Amino acid sequence: MVTKVGLDLGYANITLSDVTAGISREPSVVLIDDKTSRVLALGNAALESGEGDTPAGILVRPFKNGLIYSRELTGAIIANAVRAIRPADKIRCVIGLPADCVPRQEKELYDIMAAAGISECFGVRRSLAALIGSGYAPTISAISVNVGAGATEIAVLHKGEILFSSTEHIGGEDFDRAVKDYILTQGDVNISISVARAIKEKIGAVWEGRGEESIDIRGTLSLTGNRVNMNVTTEDILGVFEKPLHALILAIAESVKKIPIDCVDDIFKNGMILSGGGAKLFGLDKMISHVLDLPVTMPQEPLDSVARGLSRINTFLPERTRNSHRDVTASLAKYYEAKKEARAADKNSNRGETK
């Protein structure tokens, strides 16, 4: 038996996707002892033990936007993520590769996957995986913008070929920090990034239509260290996202400028597909569409677009491949069309048998 999965190594979450079993997600964090550097906990357990007034150790994120910062810790958290599917005889995984991943980093990632018990592993660029996970074919012409927690990946695709891609170091956490800094400046109150994120998600907006909402939070007075309760409203944080929003739209605009003239019509027909957890900020799609004057669509669950796309890709890769541990992005359109033709032939064959 072969279990086919997609694995997305995000800065905030490690997400495992199986087209039949669905999505499983854990925080991509490791709790380590600050004296011995021993691993104390992984994922949700690490987050629960490492946050609060008396943390049990130091929380470490072993990779950022799919790039490895600690091989040992990355191996531990990947092994933890795939443990639930270990009973399978064989695991074939498609893993997301960021735009700025170089061959040395790619090879290191495949080695870690093999050590975690994954016998076959293929790489696909996250920008294309995000489009496929959003419901589009790998032959699409469009602009892919995946707003992650730590970075945003932008890619311009024409008929499935990536014409241009970049990783911009601005993401959801920049919007979280904007809230955190504002609360400190206006109320002299320190709040955690997780509280700032909760404020952003519940009452934050960059476009009209959200309405007046509020959230009760708890923070620490910077002068005395005393705990304090606060109520924050939508109006209170109006305009706090201006700086990161401007940087994000500017980065997207620079990519749009690089679209070849003969590809403009095809690409602008589909416009931009917005994905990633950071895309869920209320009105972000409408603001980008308004400023850049192009259609912007967003899937219902943008957070899981990359992982869902990776697992879907696994279903149309050839059952027998020349070798694994390689980037198959450039071959996806060919594999997809071959699978589509094979399915059509099977369908016609079945119709003939029933006559």
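Residues in the sequence shown are numbered consecutively from 180, following my numbering.
Cβ atoms here follow ideal geometry from the backbone N, Cα and C, with glycine treated the same way.
Every value quoted in this text rests on a predicted model; they were computed, and no experiment measured them.
> With distances taken from CA atoms, which of Val218, Thr331, Arg250 is nearest Leu238?
Replying inline: Reading the sequence shown from its first residue, position 59 is the one you call residue 238. Per the Cα distances, Val218.
>> So, under 8 Å CB-CB, Val485 and Gly312 are touching, yes? Tell me the CB distance rounded to an integer number of Å.
In response: For this step, residue 485 is matched to residue 306 along the sequence shown. For this step, residue 312 is matched to residue 133 along the sequence shown. The pair is a contact, with the Cβ atoms about 6 Å apart (cut-off 8 Å).
>> Using a 10 Å radius around the Cβ and a threshold of 16 neighbouring Cβ atoms, would you call Ala260 buried or exposed?
In response: Within the sequence shown, the letter at position 81 stands for residue 260. Counting Cβ neighbours within 10 Å, Ala260 comes out buried, since at least 16 surround it.
>> I need the boundaries of the beta strand (DSSP E) containing Glu332, first residue and last residue.
In response: Residue mapping note: residue 332 aligns to position 153 of the sequence shown, counting from 1. Unbroken beta strand (DSSP E) run through Glu332: 331-337.
> Hey, Arg271 and Asn493 are a contact pair by Cβ (cut 8 Å); roughly how many whole angstroms apart?
Replying inline: Position 92 of the sequence shown, counted from the start, is the residue given in the question as residue 271. Position 314 of the sequence shown, counted from the start, is the residue given in the question as residue 493. The pair is a contact, with the Cβ atoms about 6 Å apart (cut-off 8 Å).
> Is the segment 470-477 close to the segment 498-516, with three or more CB pairs under 8 Å?
Replying inline: Three or more Cβ pairs closer than 8 Å define a contact, and the segment 470-477 falls short of that threshold against the segment 498-516.
> What does Asp213 pair with, by DSSP beta-bridge criteria?
Replying inline: As a first step, residue 213 must be located in the sequence shown, where it is residue number 34. Paired residues: none, contrary to the question.
> Hey, quick one: how far does the alpha helix (DSSP H) through Val435 stretch, first residue to last?
Replying inline: For the purposes of this step, residue 435 is taken as the residue at position 256 of the sequence shown. Val435 -> alpha helix (DSSP H) spans 421-436.
>> Using a 10 Å radius around the Cβ and a threshold of 16 neighbouring Cβ atoms, would you call Ala523 buried or exposed?
In response: Counting from 1 along the sequence shown, the entry for residue 523 is found at position 344. So Ala523 ends up on the exposed side.
> Thinking C-beta only, is Tyr190 closer than 9 Å to Gly329?
Replying inline: Indexing the sequence shown from 1 puts residue 329 at position 150. Indexing the sequence shown from 1 puts residue 190 at position 11. Taking 9 Å as the Cβ cut-off, Gly329 and Tyr190 qualify as a contacting pair.
> What separation, rounded to the nearest whole angstrom, lies between the Cα atoms of Thr233 and Ser207?
Replying inline: Start at 1 with the first residue of the sequence shown, and residue 233 comes out as number 54. Start at 1 with the first residue of the sequence shown, and residue 207 comes out as number 28. Confidence at Thr233 is low in this model, with a pLDDT of 48, below 50, so the placement of that residue is unreliable and no value is reported for it.
> So is Met180 buried or exposed if we call it buried at 16+ other beta carbons inside 10 Å?
Replying inline: Here residue 180 refers to the residue found at position 1 when the sequence shown is read from its first residue. Label assigned to Met180: exposed.
>> Measuring only the C-alpha atoms, how far is Gly185 from Asn223?
In response: Here residue 185 corresponds to residue number 6 of the sequence shown, with the count starting at 1. Here residue 223 corresponds to residue number 44 of the sequence shown, with the count starting at 1. Rounded to the nearest angstrom, the two C-alpha atoms are 20 Å apart.
> How is Pro317 classed by DSSP in three states: helix, strand or coil?
Replying inline: Within the sequence shown, residue 317 is the residue found at index 138, counting from 1. Note: Pro317 maps to coil in three-state DSSP.
>> To the nearest angstrom, how far is the alpha carbon of Gly254 from that of Phe343?
In response: Along the sequence shown, read from residue 1 onward, the residue named residue 254 stands at position 75. Along the sequence shown, read from residue 1 onward, the residue named residue 343 stands at position 164. A direct Cα-Cα distance of roughly 31 Å separates Gly254 from Phe343.
> Going straight from the alpha carbon of Glu392 to that of Arg240, what length do you get?
Replying inline: In the sequence shown, counting from the first residue as 1, residue 392 sits at position 213. In the sequence shown, counting from the first residue as 1, residue 240 sits at position 61. It is roughly 33 Å from the alpha-carbon of Glu392 to the alpha-carbon of Arg240.
>> Quick check: what's the CA-CA separation for Ser179 versus Pro481?
In response: No information on residue 179 is available, as it lies outside the stretch 180 to 534 that the chain covers here.
> Excluding sequence positions up to five away, which residues of its chain have a Cβ less than 8 Å from the Cβ of Thr407?
Replying inline: Translated into positions along the sequence shown, residue 407 becomes position 228. One point to set straight first is that residue 407 is Val, not Thr, in the sequence displayed. Cβ within range, chain order: Val368, Arg397, Gly398, Thr399, Leu400.
>> Going by DSSP, what residue range makes up the beta strand (DSSP E) through Gly455?
In response: Residue 455 sits at position 276 when you count from the first residue of the sequence shown. Unbroken run through Gly455: none, as it is neither H nor E.
>> For the alpha helix (DSSP H) containing Ala278, name the first residue and the last one.
In response: Indexing the sequence shown from 1 puts residue 278 at position 99. Counting along the chain, Ala278 falls outside any alpha helix (DSSP H), and DSSP gives it neither H nor E.
> When burial is assigned at 16 or more other CB atoms within 10 Å of the CB, is Ala384 buried or exposed?
Replying inline: In the sequence shown, counting from the first residue as 1, residue 384 sits at position 205. With 16 or more Cβ atoms within 10 Å of its Cβ, Ala384 is classed as buried.
>> On the CB-based measure, 16 or more other CB atoms within 10 Å of its CB, does Ser323 come out buried or exposed?
In response: If you number the sequence shown from 1, residue 323 lands on position 144. With 16 or more other Cβ atoms within 10 Å, it is buried.
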